[in-house]
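In what follows, a single structure is set out as structure tokens and then discussed.
Number of protein chains: 2
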Amino acid sequence: MRSFAELLSVFEKHFNRRHFPEHTPTLYDPARYMLQLGGKRVRPVAVLMGNELFGALSDEALVAATAVELFHNFTLIHDDIMDKAPLRRGMETVHTRYGESTALLAGDVMLVQSYNCLNTLSPERVPPVIALFSRTAAEVCEGQQLDMDFEKRESVTLEEYEHMIALKTAVLLGASLQIGAIIGGASEHNQQLLYGFGKNLGIAFQVQDDYLDAFGDPENFGKQVGGDILVNKKTFLTIQALEQAGPSARKELLQLMKTNPEDKVEKVLQIYRDCGIDAHTRLLKDKYFRQALAQLDAIAVLSKRKAPLAELAEFLINRGH
Amino acid sequence: MRSFAELLSVFEKHFNRRHFPEHTPTLYDPARYMLQLGGKRVRPVAVLMGNELFGALSDEALVAATAVELFHNFTLIHDDIMDKAPLRRGMETVHTRYGESTALLAGDVMLVQSYNCLNTLSPERVPPVIALFSRTAAEVCEGQQLDMDFEKRESVTLEEYEHMIALKTAVLLGASLQIGAIIGGASEHNQQLLYGFGKNLGIAFQVQDDYLDAFGDPENFGKQVGGDILVNKKTFLTIQALEQAGPSARKELLQLMKTNPEDKVEKVLQIYRDCGIDAHTRLLKDKYFRQALAQLDAIAVLSKRKAPLAELAEFLINRGH
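If you're matching them up, the sequences are chains V and Y in order. Note that the working numbering has the first sequence beginning at 728, numbered continuously upward. Note that the working numbering has the second sequence beginning at 728, numbered continuously upward.
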């Protein structure tokens, strides 16, 4: 089994080609523009790793990995429209560059293309893979909707938050690994364990991402630190702070969220620090990380085959950026 | 083979059920709202008719018909966002009622659900049906993009217009019939003929729809007469008028499109009448209608089996509303 870096290079070689026809450039140029913005390609490489955990890498894994990456980019195009985000990876978002209507359609056609890709797998694999993929795709939409719902609510429970991030970001990592496992010929039980590994890892990753949005090093993080605080995003940090803070700090926090003063980020961070949100976040992240590793451990293949996945988990979770 | 009306009632009975889970109502209520707005259900019934042309109605045709109707509703939700349409069938559009972001997501999840539906067909039918469906879905997106592109252009050729309406509205009728034919066990050749019948009929229907938008009886048409003229939509009528009109009428038409005076609709209609656009439109519609019927004729099944499809064609094309 090869490392993430090795499989990333295998994937990039395969992915770096024409995904859309030459005609109708007013629709397909925006789609191509999105793809060339790049990305970490964690999900498609997870498909390849899921395959290699159980057998030799199949060309079908590359096809499925392509579908997963197209799907992920579809969600990014539409999320950016919903978030009215001007930039992604330091470049204009699709809707900023081409207008909202075209971005909407370019996202739609990218979703169609991801199904079209999966449909070229061996005929006997098409139904199980599309069933898992469609369930996951619907969950990702549900997660995005819940995230938007939560922004309008004053309070969200920790349980609701965990459910939302599981749907919005974690299930796709689980499904990517499982699709690879299906192609690798894994048993249903091993497939489920690998899915669980990916899903728990995805939640741990998102908890950390929320943490870094508030406490990350601005030089390494790549996004505006405090961005979530500015838009009153209901992250684990806010939810915990509202639960842990004493009455006066709680009142101050709610007031800051309502009035949006200039020094909002600074003041909210101080409340977070006073409530020990650091430690709480580490605990939650560790809980999910341990659950992920336990499921990886339980998969019935030789431990050394699992090493690249364990390394990937460490890398995703201990990144400072 | 049963008539459109009989199969419509079969379809409505099947379709009138829960398509989305009870949970996450903020996402799925908007999707359900869209479906209960109703519609003519021409495309799903076409799936059933395509099946019955070649064999006894299969439950699989009802599943595929459901997928086609979900897909059509997905396109309507997203088109209404792009067109900023406040109303559909006299009711608020999804984005007017629930906001653009939620409408965008509700459309996405409806597209996912349409694939999920097709994926429950017999395993051997899933790949060919999803291949045809995905090709068609991409074409519908291309057609919508071209339609938007044309609104910004001063001139569009008749050929470009015909290509655009073929993609935007006609291919889905062709594909619906062909999916039914696949389920009915038709030969590849018969499938293609039926697809051609649907596609040509769809173009004839759209030409007529453009005509009725300008010249229809306001009481019967159900939409605002002259709506296309108001927004400078490049329909067959505008394109022909710009080609046929003498220099001064042409100049007046372009001026009207630029300045949007209060009596624009009235004056544009007069130019259309002066150029004999009526007759031209009838000619174009008849051309496609005849092509449709020729393909229906060539299908190798007993003529009496084709009667309901011929009746549907007459009904769609000779409607005055």
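Even glycine gets a Cβ: it sits at the ideal position worked out from N, Cα and C.
Using a Cβ-Cβ distance cut-off of 8 angstroms, determine whether residue i contacts chain Y.
| i | result |
| --- | --- |
| Pro1035 of chain V | no |
| Ile910 of chain V | no |
| Ser736 of chain V | no |
| His746 of chain V | no |
| Ser903 of chain V | no |
| Asn846 of chain V | yes |
| Leu980 of chain V | no |
| Gln840 of chain V | yes |
| Leu754 of chain V | yes |
| His1048 of chain V | With a pLDDT of 44 at His1048 of chain V, under the threshold of 50, the modelled position of that residue is not reliable, and the figure given next carries that caveat. By this cut-off, His1048 of chain V is not an interface position. |
Quick one: is residue i near chain V, going by C-beta distance under 8 angstroms?
| i | result |
| --- | --- |
| Pro850 of chain Y | yes |
| Val795 of chain Y | no |
| His822 of chain Y | no |
| Ile668 of chain Y | Nothing about residue 668 of chain Y can be read from this structure; chain Y reaches only from 728 to 1048. |
| Asn843 of chain Y | yes |
| Leu899 of chain Y | no |
| Thr1066 of chain Y | Any answer about residue 1066 of chain Y is impossible in this case: the structure gives chain Y only from 728 up to 1048. |
For residue i, which residues in the same chain have their Cβ closer than 6 angstroms to its Cβ, ignoring the five residues on either side in sequence?
| i | result |
| --- | --- |
| Gly911 of chain Y | Asn778, Phe781, Gly782 |
| Asp955 of chain V | Asp940, Thr962 |
| Phe877 of chain V | Val883, Lys961 |
| Tyr922 of chain V | Gly901, Gln905 |
| Leu928 of chain V | Ala1019, Ala1040 |
| Ala794 of chain Y | Ser841, Cys844, Leu845 |
| Arg816 of chain V | Leu764 |
With a 10 Å radius around its C-beta and 16 neighbouring C-beta atoms as the bar for buried, classify residue i as buried or exposed.
| i | result |
| --- | --- |
| Asn1045 of chain V | exposed |
| Arg768 of chain V | buried |
| Pro974 of chain Y | exposed |
| Asn959 of chain Y | buried |
| Pro757 of chain Y | buried |
| Glu970 of chain Y | exposed |
| Gly943 of chain Y | buried |
| Thr986 of chain V | exposed |
| Ser861 of chain Y | buried |
| Ala931 of chain Y | buried |
| Gly834 of chain Y | buried |
| His750 of chain V | exposed |
| Leu885 of chain V | exposed |
| Asn843 of chain V | buried |
| His916 of chain Y | exposed |
| Gln872 of chain V | buried |
| Lys978 of chain V | exposed |
| Arg1000 of chain Y | exposed |
| Ser914 of chain Y | exposed |
| Asp990 of chain V | exposed |
| Lys895 of chain V | buried |
| Ser849 of chain Y | exposed |
| Asp874 of chain Y | buried |
Does the beta carbon of residue i fall short of 7 angstroms from some heavy atom of the ligand NAP?
| i | result |
| --- | --- |
| Leu1029 of chain Y | You won't find the ligand NAP in this model; it holds no ligand whatsoever. |
Looking only at its chain, what residues have a beta carbon closer than 8 angstroms to the beta carbon of residue i, apart from the 5 residues adjacent to it on each side?
| i | result |
| --- | --- |
| Val737 of chain Y | Arg729, Leu775, Leu784, Leu789 |
| Lys994 of chain Y | Glu979, Leu983, Pro988 |
Leaving out five residues on either side along the sequence, give the residues of the same chain with a beta carbon under 7 angstroms from the beta carbon of residue i.
| i | result |
| --- | --- |
| Gln1022 of chain Y | Leu920, Gly923, Phe924, Asn927 |
| Ile998 of chain V | Ala968, Ala972, Ala976, Glu979, Leu980 |
*asked:* Report the start-end ranges of each alpha helix (DSSP H) in the segment 957-1035 of chain V that is 4 residues or longer and not cut off at the edges.
replied: 963-971, 974-986, 991-1001, 1004-1025
Q) What are the start and end residues of each continuous alpha helix (DSSP H) run of 4 or more residues lying completely inside the segment 816-850 of chain V, in chain order? A) List check, alpha helix (DSSP H) in window: 821-825, 827-845.
* Scan the segment 854-875 of chain Y for residues whose Cβ lies nearer than 8 angstroms to a Cβ of chain V and list them as they occur along the chain. => Pro854, Ile857, Ala858, Ser861, Arg862, Ala864, Ala865, Cys868, Glu869, Gln871, Gln872, Leu873, Met875
- Message: Tell me which residues of the segment 806-837 of chain Y have at least one Cβ-Cβ distance to chain V shorter than 7 angstroms, keeping chain order.
- Response: Close to chain V, meaning a Cβ-Cβ distance shorter than 7 angstroms, are the following residues of the segment 806-837 of chain Y: Ile808, Met809, Ser828, Thr829, Leu831, Leu832, Asp835, Val836.
Query - Segments of 4+ residues assigned as alpha helix (DSSP H) that fall wholly inside the segment 757-798 of chain V - result: 769-781
(message) To be precise: take each residue of the segment 988-1015 of chain Y, compare its Cβ to all Cβ atoms of chain V, and keep it if any distance is under 8 angstroms. Which residues remain?
(response) none
Within the segment 873-907 of chain Y, note down every full alpha helix (DSSP H) run reaching 4 residues or more, in order along the chain.
885-892
In chain order, each beta strand (DSSP E) run of at least 3 residues that lies wholly inside the segment 913-958 of chain V | none
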